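Counted from 1, the sequence shown has number 528 at position 326 by the numbering used here; the numbering is strictly sequential.
Even for Gly, the Cβ is constructed at its ideal location relative to N, Cα and C.
Computed from a predicted structure; not experimentally measured.
Read the structure below first, then the notes.
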Amino acid sequence: MIPSGARVLVVGAGIVGCAVAYFLARRGCQVVVLDEHGVAESATSRASLGVLSHPNGGDNPYAQLYRDGHALHSVLAAELAEETGLDVGWRPLGGVELCADEQEREEIYQFNRSRGCAVERLDERALQAREPALVGGDRGLFFPDDHRVDPPKLGVALWAGAQKRGAVAHSGERVARLAQDAGGVEVATRREVYRGDFAVLAAGAWTGPLAAMLGAKVAVRPVRGQHVRLGGSPLRHLVRARGRYMVSDGDTTIAGSTVEEVGYALDTTTEAAADLRAWIGRLLGRDLPLVEQRAGLRPKPRGGRPLIGPLAATPRFFVASGHYKNGVLLGPISGKIIARWIVEGAPGRDMDRFEPER
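Listed below in structure tokens is the structure:
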């Protein structure tokens, strides 16, 4: 266990970085967050609709991490509201999954039931009762444990909670060099050299190049996702079909997202907007006006599991990245685990399968 008040540098101010900062600050650490952009403005969360899909009852470490991460959101939402007065937009909406035919519905139903998930079959009448706005489906499933949170609001609230406990952030800081010595760690940017006892690399799709500065091979690559925000909010629940989602948010509806291997390109495309709008139009039987289109980069890891833990040769540097499509869902639990690991010297659970250099 380290002495109270350890100084920790967090590289990356997205949801994962803000969660790391928040839970470290709760444990009494001196937290300094560094980001090339602003706090809670990550390229990852720009690709996210904030969907918290239902967990399953698997007993492997990833299923347990997912289940604990899902459960943490409702607790965290209440705690952040009390501490900061901010609403993160957590809502237990439930989710409707549309199925192409009876065979697909039964396969998905049996798969989820076998893993202890709460799920209900929907015939055409039940589907219309659940989601009257839908016209593009005649069978589906309802998952009461599908929830949603607002990613930008979550990031802002996490940072507000960290800041109340003394955390500080420096924007416009592009990392030029990383080093570890007997006295701790060093993060050098183009403007300043920061020293600390530990550092956490929570830079999403950019984590690999940062780890390479330390001679570590962290296999994570960017995958672009685009989503659209349309005028009107006809939906009661999350709606999922073939890997895409749509959900009403205030007086708008958000839908997405694409999966594109285009490197670090963050631009939006007219083709993606047209494709998503056509998909929504088929399900709702009408067009909704385009309000906004956004693109973000998801950090996709090799092996499919997040990268959480210390680097082998430089163990004062931790990694919290590679959450791919589950950065919002797993960001808070990852931050909580990293904070415990740094302060207590152990994560409190089996993290071998999440080793960053696997």
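Item                                                                                                                                                                                                : Value
What does DSSP give as the partner residues of residue 495 in its beta bridges?                                                                                                                     : 430
In whole angstroms, what is the alpha-carbon distance linking residue 237 and residue 371?                                                                                                          : 8 Å
Along the chain, where does the beta strand (DSSP E) containing residue 372 start, and where does it finish?                                                                                        : 370-372
Just verifying my parser: in three-state terms, what is the DSSP assignment at residue 386?                                                                                                         : strand
In or out: residue 550 buried (at least 16 other Cβ within 10 Å) or exposed?                                                                                                                        : exposed
Quick one: what does DSSP say residue 341 is sitting in, helix, strand or coil?                                                                                                                     : coil
Taking the straight line between their C-alpha atoms, what separation do you get for residue 345 and residue 382?                                                                                   : 47 Å
Using CA coordinates, which residue listed in 558, 439 and 553 is at the minimum distance from residue 504?                                                                                         : 558
Starting from the C-beta of residue 410, find all residues in its chain whose C-beta is less than 6 Å away, skip the five residues before and the five after it, and write them out in chain order. : 420 and 422
Do residue 392 and residue 376 have their C-beta atoms within less than 7 Å of each other?                                                                                                          : yes
Between the Cα of residue 446 and those of 548, 416 and 478, spot the shortest distance and give me the residue it belongs to.                                                                      : 478
Please report the distance separating the alpha-carbon of residue 335 from that of residue 325.                                                                                                     : 15 Å
Could you tell me the alpha carbon to alpha carbon distance between residue 531 and residue 314, rounded to whole angstroms?                                                                        : 19 Å
Rounding to the nearest angstrom, what Cα-Cα distance links residue 373 and residue 241 in this structure?                                                                                          : 7 Å
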